[in-house]
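Just so you know, we're using our numbering here: the sequence shown kicks off at 1021 and counts up by one. Just so it is clear, CB atoms sit at the ideal spot from N, CA and C, and this is done for glycine as well. Here's the structure we're looking at; comments come further down.
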Amino acid sequence: MDAEISSILGLEVYTDRGVFVGKVEDAVLDADSGTLSGIAVGSLNKELFDLKGRGIIVPFRWITAVGDIIIMRHTKRVAAKKDAPPRE
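In C-alpha cells, the structure reads:
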C-alpha cells in the first residue's frame, strides 16, 4: 500500500476492542528500507497509559487497519515504573 505519510498525521488511534489510545503526532521511518516502522502517538488516553512522557511509539506491526482512524492490537494498561529501591 502506497500513501502519503502526512495522511495519517492527526488520525485517532483505537484498539481492536474500541478503546481510544491517542492521536498520531508523527511517523517513525526505517531509513534502510524506506518503510514506516512505527507511529508516534500523543494525546494519550490517561486511563490506558500512566506515563510521564508526551506519548508512545507504536510499532507498525501492531497496526491492523488504517482508514479514517487507525486500529491497533489491544494493549493492557501501562503504568509508569516506580523507582526501584537501592540495592545494598
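Shortest Cα-Cα distance from I1059 to any of K1066, S1053, L1068 and V1048 involves V1048. No residue range can be given for G1038, since it is assigned to no beta strand (DSSP E) and is classified by DSSP as neither H nor E. A straight-line Cα-Cα distance of about 23 Å links I1028 and L1071. Taken in chain order, the unbroken stretches of beta strand (DSSP E) that lie wholly in the stretch 1066 to 1098 and span 3 residues or more are 1075 to 1079, 1083 to 1086 and 1090 to 1092.
In the structure shown, S1057 falls within a strand segment according to DSSP collapsed to helix, strand and coil. For G1054, the closest of I1090, V1078, V1086 and E1024 by C-alpha to C-alpha distance is E1024.
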